[in-house]
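A.B. asks: Per my numbering, the very first residue in the sequence shown carries number 1; after that it's consecutive.
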Amino acid sequence: MTADTLRLPHCQACQRSHWPPREICPHCLGETVTWQPADGGGQVMATATLHHSLSPDFAPHMPLHVATVALDCGVRAIVFVAGGALKNGTRVIVTPGRGPSGQEALVATPGAAR
Ligand SMILES: [Zn+2]
């Protein structure tokens, strides 16, 4: 496992992963959630481009591209997009990365087909 391996919260009771992180499982309310490696492959479902931000951390990074990605492991996640805007249906690889202000975030890069 490398530093860019996607890891997601995974419920030990129902064996499903979720995003964003929560202390209890959003599917079954199980209380034993651990972080496990996950397949970062997925498909873009929706996109948005932000042109203005009230946050001084984000303002220098406009336009900022974000996407909702349906990961192959069954999780849907809102992620930052590396590079330019993506079209719906684009295959992407989601990895852990940094958002515009340096915060930990998920980042999608156009990537390999399934
Ligand atoms: Zn669960």
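Ideal Cβ placement from N, Cα and C applies to all residues, glycine included.
Since the structure is predicted, the reported quantities are computational estimates derived from the model, not experimental observations.
Just the residues with CB closer than 6 Å to a heavy atom of ligand 1, in chain order, which are they?
C.D. replies: Here the residues close to ligand 1, judged by CB distance below 6 Å to any of its heavy atoms, are Cys11, Ala13, Cys14, Arg16, Cys25, His27, Cys28, Gly30 in chain order.
A.B. asks: Note down the Cα distance separating Pro21 from Gln36, rounded to an integer number of angstroms.
C.D. replies: 12 Å
A.B. asks: Please say whether Gly42 and Asp4 have beta carbons closer to each other than 8 Å?
C.D. replies: 8 Å or more divides the Cβ of Asp4 from the Cβ of Gly42.
A.B. asks: Quick one, are the C-beta atoms of Gly97 and Leu86 less than 8 Å apart?
C.D. replies: no
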